[in-house]
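*Asks:* Numbering-wise (this note's numbering), the sequence shown opens with residue 99 and increments by one. We put the beta carbon where it would ideally sit given N, CA and C, even for glycine. This one's a predicted model, so the numbers in the text were calculated from it and none came from an experiment.
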Amino acid sequence: MEVSNYEGITQEDIDYIQAILKAFYGESVARKATMTSISDETLRLVAVLLEETGECSHWIDVVPNPKDLLSPTSTFKKYALRLIRNAGKAFKDTSFKVNIMCKMAVARNFRTPIEMSLM
C-alpha cells in the first residue's frame, strides 16, 4: 500500500510502528507510539533504523533506497511510510527474526531519539 499523498498515518501504520519498536525495544517503548505521539521525526527515525538494520537482514531486497535519506520532505515521508509498511508486516509476524548483532547495534543508536520523538 503506497501513500499517494502524505496526509497522515493510519491505524495500520501505527500497528506496524508498534511492532517494529516492540521487536527492538520491548512493549514499554512500543506502547508510547500512538496516533498523537508519532511525529514526522518518529517516522524518519524508524525509517533510518530499518534502513540501517536492513543491511544485515534478508528483507532489504524489498526496500527501495531513497536518494536522500535525511531529507524532511513529503517524498521522504511517503518513503518512510512505505518502508515501515513493508517491514512492519514482517515484524508483526512473530516468527520473523532480525540478525541479533545488527538489531543490538542499530537499536542502541536510535532508542533515545525515537523515544524523544514520541513525546
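#1: Measure the CB-CB distance between Leu143 and Ser193 and report whether it falls below 8 Å.
#2: Please list, in chain order, all residues of the same chain as Glu150 whose beta carbon is under 7 Å from its beta carbon, the five residues on each side excluded.
#3: Just mark Gln116 as buried or exposed, buried being the case when its beta carbon has 16 or more other beta carbons within 10 Å.
#4: Do you know how far the Cα of Phe208 is from the Cα of Met217?
#5: Rounded to whole angstroms, what is the Cα-Cα separation between Thr173 and Gly106?
*Replies:* Once the coordinates are examined:
#1: Residue 143 sits at position 45 when you count from the first residue of the sequence shown. Residue 193 sits at position 95 when you count from the first residue of the sequence shown. Cβ distance not < 8 Å, so Leu143 and Ser193 don't count as in contact.
#2: Residue mapping note: residue 150 aligns to position 52 of the sequence shown, counting from 1. Around Glu150: Val204.
#3: As a first step, residue 116 must be located in the sequence shown, where it is residue number 18. It is buried - the Cβ of Gln116 has at least 16 other Cβ atoms within 10 Å.
#4: Taking the first residue of the sequence shown as 1, we reach residue 217 at position 119. Taking the first residue of the sequence shown as 1, we reach residue 208 at position 110. Answer to the nearest angstrom: the Cα atoms are 15 Å apart.
#5: On the sequence shown, position 75 is the one that residue 173 refers to. On the sequence shown, position 8 is the one that residue 106 refers to. In a straight line, the C-alpha of Thr173 is about 13 Å away from that of Gly106.
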